[in-house]
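Heads up: the sequence shown at position 58 corresponds to 89 in my numbering, and the numbers run straight through without jumps. Glycine included, each C-beta is placed from N, C-alpha and C at the ideal position. The model shown is predicted, which means the values in this text are computed figures rather than measured ones.
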Amino acid sequence: EPTGNLDSITSTEVMNVLNDLNHNMGITIVLVTHESDIAKHARRVVVLKDGEVLRDTPSQSPISSNYPPSATFSYR
32 EPTGNLDSIT
42 STEVMNVLND
52 LNHNMGITIV
62 LVTHESDIAK
72 HARRVVVLKD
82 GEVLRDTPSQ
92 SPISSNYPPS
102 ATFSYR
C-alpha cells in the first residue's frame, strides 16, 4: 500500500509519481490498496476475498459497496 499512513498531500504526490512512471515511461505498476479512492486510478481492478477473485473489471466500472475495501487489488 504505497499511500498507507500518509497524509492526503503526500498521498497525492506518491500517486502522481506512480502515474508519471506509468504514463510517461510505460512502466507497469502493480498496486495493492484498501482505499477505493486509490484504486480508481487503476485501469483494471481485481477484487479478492479469501484468496478468490470476486470481480475483475476495467476500473471505469464503479467499485460496488458490496465489496469490502480490504478486498481491492488494482494495477495499471
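Run of the alpha helix (DSSP H) containing residue i, from where it starts to where it stops
i: Phe-52; result: Checking the displayed sequence, the identity of residue 52 turns out to be Leu instead of Phe. 39-56 is the span of the alpha helix (DSSP H), which, as asked, contains Leu-52.
Per-residue DSSP class, three states only, for residue i
i: Pro-99; result: Its pLDDT being 49, under 50, Pro-99 is placed unreliably in this model, and the value from its coordinates should be taken loosely. The answer is coil: DSSP assigns Pro-99 none of H, G, I, E or B.
i: Pro-33; result: coil
Residue i, buried or exposed, once every other Cβ within 10 Å from all chains shown has been counted against 16
i: Thr-34; result: buried
i: Asn-47; result: exposed
First through last residue of the beta strand (DSSP E) which encompasses residue i
i: Asp-87; result: 83-89
i: Lys-71; result: From DSSP, Lys-71 is part of no beta strand (DSSP E); its letter is neither H nor E.
Test item: CB-CB of residue i and residue j under 7 Å
i: Val-77; j: Asp-87; result: yes
i: Glu-32; j: Thr-64; result: yes
Beta-carbon proximity list for residue i, same chain, < 6 Å, skipping 5 on both sides
i: Leu-49; result: Ile-60
Own chain, CB closer than 7 Å to residue i, minus 5 neighbours either side, in chain order
i: Ser-42; result: Thr-34
i: Lys-71; result: Ser-90
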